[in-house]
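*Asks:* After the structure tokens below, expect a handful of questions from me.
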Amino acid sequence: MRFRFPFSWRFRRWLRTREQSEYALTIFYALLIGGGVGVVGALFYRVLLLVQKFFFRASEEDFASLPGLTLLLVPIFGGVIQAALTRMYPDVASRKGVVEVMKSLKLKQGVISAGTTLFHMVAPVIAIGTGGSVGPEGPACQLGAGIASRIGQMFRVSPGRLKVMVAAGSGAAISAIFNAPLGGVFFALEIILLNDLKDVTFGVLILASVVANVVSHALLGGHSLFQFPPLELPSVRLLPIFLLLGMLGGLLSVGFMKWSGTLAKLVWGRWRNVPRWVFPPLAGLLLGITAQWFPDVLGVGYHGIQTALSGEYVLLVGLALLVLKVLLTGTTIELGGFGGTFAPSLFIGAMLGGVVAQLAAMLHLPISAPLLVLTGMGTVLAGMNGIPLTAFLLLVELTGNYDMVLPMMIAVSGTTMVIQFIVHERSLYIFKLKKARLYSEKDGATMLAETSIRELMKPMKPVVKSSSPLQTVVPLFAELDLKDLVVVDEANRVTGMLDFADLRHIIAEFEALKIIRVAELAETVPIVHAETSLAEFQFLARDCHSEYLPVCDRDGQLLGIVFQSAVNGMAQTILRSQQEEQENNRWAFK
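Okay, structure coming up:
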């Protein structure tokens, strides 16, 4: 029987035999990514609406007329489903959001598994469909990246090309959902590629984004997310109001970052012993209680944005929705919910713009309220997500009105200045990458000296008493599947470690095992603390043959262990990431 190569390999080989095959491959991959993301993005949007109608028996604009019990129970039930998914697939569940796409480029050369892609298509649909205060754009971005990654893996493209394809898939997803191809291109540039764009890859981003937009437009019937009233450009003397609006948007963005950071510290710090499955239903409970009085906080929030554009919220209601959306979005995401921050940031910005518009009306300032609402949407979108250029282009594409260009530029500039001044970070994504030690302006050696081993510490305590006979200790090696055990004295202070290799010459001597104590064979090893840096750990462990070292507090009490392989792996990741940043290597189509 004749062996046949896989179709993808044979097709790629055929393309390479043609003149200018690299250009043909580039166009082929971009078309494939754009078409695939456009189809799946439209399907994702349709399924999301169906799930929402299934659980609530109503669309978003009818939430206010639903019984209070429905508004309370559906978000809780959604939280229970999310908790179950997290419990069944904990590793995949933890890899959520736009930041995971960025991590895949840093750590895995753009490789994203099919299981991760499928999981993060289903889980966000449940979260948003049951009223979660999150948006579909982040999951759609992850979905687009996953599709592009699978296409690249199927055709066995080079790591450099795969990275660009993943970025193109993410941008195509944004283009498909917002009907904004330029916004999708610059999203891929600003967020996924972190502004590291080469001219040889730009065409791929554009073509994939345009194709996804065309396909989505054909399948969804040219849908428009919002209906925009006429916009009037204000006089020059009123332009400072937009700068003020932008600065307020920056403050709100910083507030969201701080709130999310505080919750993350609580969940992984003070509440670390609380079972993870408790958090999503708790977030659903808080959301359901709030919805009794403010049902517009539920779901994506597009209806609330449209209401703000129409000027139907009174001042206090708009202000309350603004604050509640900031709190509930951060709570939903950090307590284990699945979804993005794009739509919530648009909602928060719309409420901010509406509040400023009403205050301007009280002062009898002749300024367009819808223009303030739209500008507010752009400022918070730019601030919370670190995408000033994308936000500017996205709002212009959504409205098709270029009268808002000048006010939007002024406002987004104010937002960026405030965020840089207060937190010195471009976005929440960059903050999370830095926390994972995957992004820094510092050199690799400095990063190793400043990064502690705390995040790598395992809460395992494989201890034996120094006074114990070896007979009782030998079975522990097999039970714990470790080559070394930590030796402690009667006060539970670490005194050394016992290496299984040291027992081999006497393990057959049963009587000797009864007589010899652990202390007689224990070896002194370096003891590290939770705040020990990676560089210091590597220095201390340079002559140690143990697979891990004990981590102790200042009194010598064991806190956990850190494997040398984990430390070396993180150090290599940091150094590799820094080398890529410094060399500014060309990702691509070579």
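Going by the numbering used here, the first residue of the sequence shown is number 1, and it counts up by one from there.
Think of the CB as a built atom: it goes at the ideal place given N, C-alpha and C, for glycine as much as any other residue.
1) Which residue wins for smallest C-alpha separation from K96, given the options G110, D62 and M121?
2) Contact defined as beta carbons within less than 8 angstroms: I believe T375 pairs with G354. What is the distance between those atoms, to the nearest angstrom?
3) For H303, is the classification buried or exposed, using 16 other Cβ atoms within 10 angstroms of its Cβ as the cut-off for buried?
4) Are three or more beta carbon pairs between the region 162 to 175 and the region 211 to 230 nearer than 8 angstroms?
5) If you follow the alpha helix (DSSP H) that T390 is in, where does it begin and where does it stop?
6) Straight-line CA distance for M409 to I348?
7) Pick helix, strand or coil for M497, following the three-state DSSP scheme.
8) Determine the burial state of A218: buried for a count of at least 16 other Cβ atoms within 10 Å of its Cβ, exposed for fewer.
9) In terms of residue numbering, what span does the alpha helix (DSSP H) encompassing L225 cover?
10) Per DSSP, what kind of secondary structure is L363 in: helix, strand or coil?
11) Please state whether DSSP places V486 in a helix, a strand or coil.
12) Using 8 angstroms as the cut-off, can you tell me whether the region 542 to 562 makes contact with the region 473 to 488, which would need three or more C-beta pairs spanning the two stretches below that distance?
13) Please check the pair L395 and G414, which I expect to be a contact at CB under 8 angstroms, by giving their CB distance rounded to whole angstroms.
14) Among D91, L558, T130 and V463, whose alpha-carbon lies nearest the alpha-carbon of L50?
15) Curious, which full-length alpha helix (DSSP H) runs of at least 4 residues does the region 49 to 114 contain?
16) Indicate the three-state DSSP secondary structure (helix, strand or coil) for K461 in the structure shown.
17) Quick one: residues in its chain with C-beta nearer than 7 angstroms to the C-beta of G337, no 5 flanking neighbours on either side, listed in chain order?
18) For Q227, does the count of other Cβ atoms within 10 angstroms reach 16, so buried, or fall short, so exposed?
19) Mapping the DSSP letters down to three states, classify V562 as helix, strand or coil.
20) What number of angstroms, rounded off, separates the C-alpha of S468 from the C-alpha of K265?
21) When DSSP builds the beta bridges, which residues end up paired with Q557?
22) Terminal residues of the continuous beta strand (DSSP E) containing Y548?
23) Taking Q471 as part of the alpha helix (DSSP H), name the residues at either end of that continuous run.
24) What are the complete alpha helix (DSSP H) segments, minimum 4 residues, inside the region 108 to 147?
25) Using a Cβ-Cβ cut-off of 7 angstroms (strictly less than) and excluding sequence neighbours within five positions of W644, which residues of its own chain qualify?
26) Compare the beta carbon distance of G288 and P139 with 8 angstroms and say whether it is the shorter of the two.
27) Is the distance from the Cβ of L182 to the Cβ of E536 below 8 angstroms?
28) Would you mind sorting D594 into buried or exposed? The rule is 16 or more other CB atoms within 10 Å of its CB.
29) Whole angstroms is fine: what's the gap from F155's alpha carbon to L85's?
30) Assuming P240 and S368 are in contact, meaning their beta carbons sit under 8 angstroms apart, how far apart are those beta carbons, in whole angstroms?
31) F563 to Y429, Cα distance in whole Å?
32) What does the alpha-carbon distance come out to for the pair F56 and R493?
33) Have a look at N568, S466, Y29 and V300 and flag the residue whose alpha-carbon is nearest the alpha-carbon of S452.
34) Going by Cα to Cα distance, which pick from F500, V463 and V157 is closest to D489?
35) Just to confirm my understanding: we take P124, look at its own chain, exclude 5 residues before and 5 after, and list those with CB closer than 7 angstroms. What are they?
36) Would you mind sorting G386 into buried or exposed? The rule is 16 or more other CB atoms within 10 Å of its CB.
*Replies:* This is what the structure holds:
1) M121
2) That belief does not hold up - the Cβ atoms of T375 and G354 are roughly 11 angstroms apart, past 8 angstroms.
3) buried
4) yes
5) P388 to T399
6) 19 angstroms
7) In the three-state scheme derived from DSSP, where H, G and I count as helix and E and B as strand, M497 is classed as strand.
8) exposed
9) Unbroken run through L225: none, as it is neither H nor E.
10) coil
11) strand
12) yes
13) Not quite, the Cβ-Cβ distance comes to about 15 angstroms (not below 8 angstroms), so this is no contact.
14) From the listed residues D91, L558, T130 and V463, the smallest Cα separation to L50 is found for T130.
15) 68 to 88, 90 to 94 and 98 to 107
16) coil
17) Q82, A127, G132, V134, P280 and A283
18) Flag for Q227 reads exposed.
19) strand
20) 39 angstroms
21) R493
22) For Y548, the enclosing beta strand (DSSP E) covers residues Y548 to C552.
23) L470 to L480
24) 114 to 129
25) Since the first and last residues shown for the chain are 1 and 590, residue 644 lies out of range.
26) no
27) No, they are not a contact pair.
28) Given that the chain is displayed from residue 1 to residue 590, the structure contains no residue 594 and the question cannot be resolved.
29) 31 angstroms
30) Cβ-Cβ separation between P240 and S368: approximately 16 angstroms, too far for a contact (criterion under 8 angstroms).
31) 28 angstroms
32) Taken atom to atom, the span from the alpha-carbon of F56 to that of R493 is near 57 angstroms.
33) Ranked by how close their Cα comes to the Cα of S452, the residues N568, S466, Y29 and V300 have N568 in first place.
34) V463
35) P136, P139, F338 and G339
36) buried
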